[in-house]
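Residue numbers (this note's numbering), protein chains in the order written: chain A, 1 to 242; chain B, 1 to 245.
Note that the Cβ used here is the ideal one computed from N, Cα and C, for glycine as well.
Okay, structure first, notes after.
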Amino acid sequence: MTSIAPERLADVFVEVADTLVTDFDLIEFLQTVTTRAAELVDASAAGLLLGDHRGQLHFMAASDERTKLLELFQVQSREGPCLDAFRDGAPVVNSELDNGSQRWPQFAPRAVAAGFRAVHAFPLRLRGETIGALNLFGTEGGRMEPADVHVIQALADVATIGILQERAVRRAEVVAEQLQGALNSRVAIEQAKGALAQIHGIDVDTAFERLRSYARNHHLRLSELAHTIIDDPDSAPELTTA
Amino acid sequence: MRDRMGSVAQVQALIENESLSDGEEAGTVSWLRRLCGAASRALPASGAGISLMVDGDSMGVVAAASDGSSRVLEELQFTLGEGPCMDAHSSRRPVLASDLRHTDSMRWPVYSPAAFDQGVRAVFAFPLQMGAARLGVLDVYRDRVGPLSADALSQALTFAEVAVSTLLAGQESGPDDFADTHLGDALEYRSVLYQAQGMVMIQLGVSLEEAIVRLRAHAYAHDRSLGEVTRDVVERRLTLERDEP
């Protein structure tokens, strides 16, 4: 049995579906998915990676964006449960990190050093196509219930449908356009984090928090705000004045 | 998944195979011209062009084209004030218009018929950018209707990546510098590279484009990897000085 209350589950799926309005922001959508995935199964953190045109995984969004975690997501462009789930199109669950250094010699020791005991990865797939992976980290050992595995895979499937939704109704090009746009927005967010860190003499994690809360308080998209403060810092003086 | 790890090297080889024209000097401009030629041969397409865009403005300057009629097409959208190139620049995404006569005719009511008259049936515009740094657009023209295949799309995106590297490498350094650019294999440290770029932009009061050039110049001058230098910048062990090489 799953430990997740049915009402909670229904709410999450409705919320995720509700984000998929016309011209939604892919990065914000993926932030919602990762945050809710982590909450549903009491994971410490969840992150999401998408493959680019070369099949190279890129970090896109996480429930928690501390630098330590960012590195754990990014190292998986080379090896780790996300890369395995992405390549094989199958979930990688209940991997014991303590014994994982043979399978993932670079990833596992780093994840353990960051305080994690368990890691899970779910492919984002639709009809034979895998476009990325959803990653969950836990500080407790112990196995993920089969019912919970099912729920998280279902959430990953909904995310995939969300990303690819326009493919069926419009044109294949739209997916490529949106994905490329989101990959580039992610770069701009990192650049904006660096700029804010330098302006205020703070670390990049704190810079991200400021960026995110400013976006929320002003009902701006995170990616648009990142582009804006670099193009024209004066447009958000509360954020960009030291 | 699609495994195309080698495609940057493959695209560079395709560009190198394009010969210099008579009297053409080796340099950024001729490299971009050969890039357009290689792209139109490889994808394949009827032509390709690169325009450099002025930020916050929908005006551009044609930097290179595979042939005379592609150069005319590049200029056409600036003359008419609309087109896929300008949309790709402003939306910061590729604009893939695979049927100018039908599905895409309403997107650009002036441009589409004009391009159609020049024999163009499909246009694919790829922004040349690195996060918030926007340099220009690579336009690929086809004389037949239809989308790019997945392989051609991937290759076109790689041509765009190589064009970005060329533009950021500046006049001084040649295309051999690619190994140490953001296209290198240190994917896991990418976020640090972009963060350092933002920090140096503020430290030196320069553009993002200039910031990455300065970071690379520092790494080169001190015989260190770009990854080490950017990490030191983000962790505040290193501050670039204005008068550094």
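| Item | Value |
| --- | --- |
| Endpoints, alpha helix (DSSP H) assigned at Ser95(A) | Ser95(A) -> not in any alpha helix (DSSP H); beta strand (DSSP E) instead, spanning Val92 to Glu96. |
| Closer than 7 Å to chain B by CB, Val187(A) | yes |
| Reduced DSSP category for Thr130(A) - H, G, I as helix; E, B as strand; rest coil | strand |
| Those residues which DSSP pairs with Phe29(A) across a bridge | DSSP, once it has assigned bridges, lists no residue as partnering Phe29(A). |
| 7 Å Cβ cutoff, Glu173(A) in contact with chain B | yes |
| Alpha-carbon to alpha-carbon, Gly141(A) and Asp231(A) | 46 Å |
| Exposed unless 16 or more other CB atoms sit within 10 angstroms - verdict on Ser21(B) | exposed |
| Proximity test, Cβ basis, 7 Å: Ala159(A) and chain B | no |
| With 16 other Cβ atoms within 10 Å as the buried cut-off, status of Gln171(B) | With a pLDDT of 43 at Gln171(B), under the threshold of 50, the modelled position of that residue is not reliable, and the figure given next carries that caveat. Exposed, by the Cβ-count rule. |
| Contacting residues, own chain, Cβ-Cβ under 7 Å from Ala182(A) (five flanking each side not counted) | Leu26, Ile27 and Met60 |
| Secondary structure of Ser51(B), DSSP reduced to three states | strand |
| Counterpart residues of Tyr141(B) in DSSP-defined beta bridges | Gly47(B) and Val123(B) |
| Residue from Glu16(B), Glu235(B), Asp232(B) and Ser165(B) with nearest C-alpha to Glu210(B) | Ser165(B) |
| Close Cβ partners of Ser185(A) (< 6 Å) along its chain, the five nearest in sequence each way excluded | Ile27 and Ser223 |
| C-alpha distance - His218(B) paired with Leu240(B), whole-angstrom precision | 8 Å |
| Neighbouring residues, chain A, relative to Met199(B) (Cβ below 8 Å) | Gly194, Ala195, Ala197 and Gln198 |
| Residue environment, Phe208(A), which counts as buried when at least 16 other CB atoms sit within 10 Å | buried |
| Asp148(A) burial status per 10 Å Cβ neighbour count (16 or more: buried) | buried |
| Residue from Glu7(A), His200(A), Gly51(A) and Thr32(A) with nearest C-alpha to Ile131(A) | Gly51(A) |
| Separation of Leu32(B) from Val187(A), as counted between CA atoms | 24 Å |
| Runs of alpha helix (DSSP H) wholly within the segment 69-96 of chain B (minimum 4 residues, chain order) | 84-91 |
| Candidates Ala88(B), Val110(B) and Val72(B), of which the one nearest Gly127(B) by Cα | Residue 127(B) is actually Pro in this sequence, not Gly. Cα-wise, what sits closest to Pro127(B) is Ala88(B). |
| Supposed close pair Ala133(A), Phe116(A) - CB separation, criterion 8 Å | The pair is not a contact, with the Cβ atoms about 16 Å apart (cut-off 8 Å). |
| Within-7 Å CB hit, Gln129(B) to chain A | yes |
| Inter-residue spacing [alpha-carbon to alpha-carbon] between Val123(B) and Ala62(A) | 35 Å |
| Cβ neighbour criterion (16 or more within 10 Å) applied to Glu173(A) | buried |
| is_contact[Gly47(A), chain B] using C-beta, thresh 7 Å | no |
| First and last residue of the uninterrupted beta strand (DSSP E) at Leu49(A) | Ala45 to Gly51 |
| Own chain, CB closer than 6 Å to Leu155(A), minus 5 neighbours either side, in chain order | Ala37 |
| Backbone CA spacing between Met86(B) and Ala97(B) [nearest angstrom] | 13 Å |
| Ala64(B), DSSP secondary structure in three states | strand |
| Per DSSP, cross-strand counterpart(s) of Pro146(A) | Paired residues: none, contrary to the question. |
| Residues, ordered as in the chain, of the segment 189-218 of chain B that lie near chain A by beta-carbon distance below 7 Å | Arg190, Ser191, Tyr194, Gln195, Ala196, Gln197, Gly198, Met199, Met201, Ile202, Gln203 and Leu208 |
| When Arg121(B), Ser207(B), Val140(B) and Leu73(B) are compared against Leu35(B), the one with the closest alpha-carbon | Val140(B) |
| Glu101(B) to Gln118(B) span [Cα, whole Å] | The question names Glu, yet the displayed sequence has Arg at residue 101(B). Going from the Cα of Arg101(B) to the Cα of Gln118(B) covers about 12 Å. |
| Spatial neighbours of Ile199(A) in its chain, beta-carbon cut-off 7 Å, leaving aside the 5 residues before and after | Thr240 and Ala242 |
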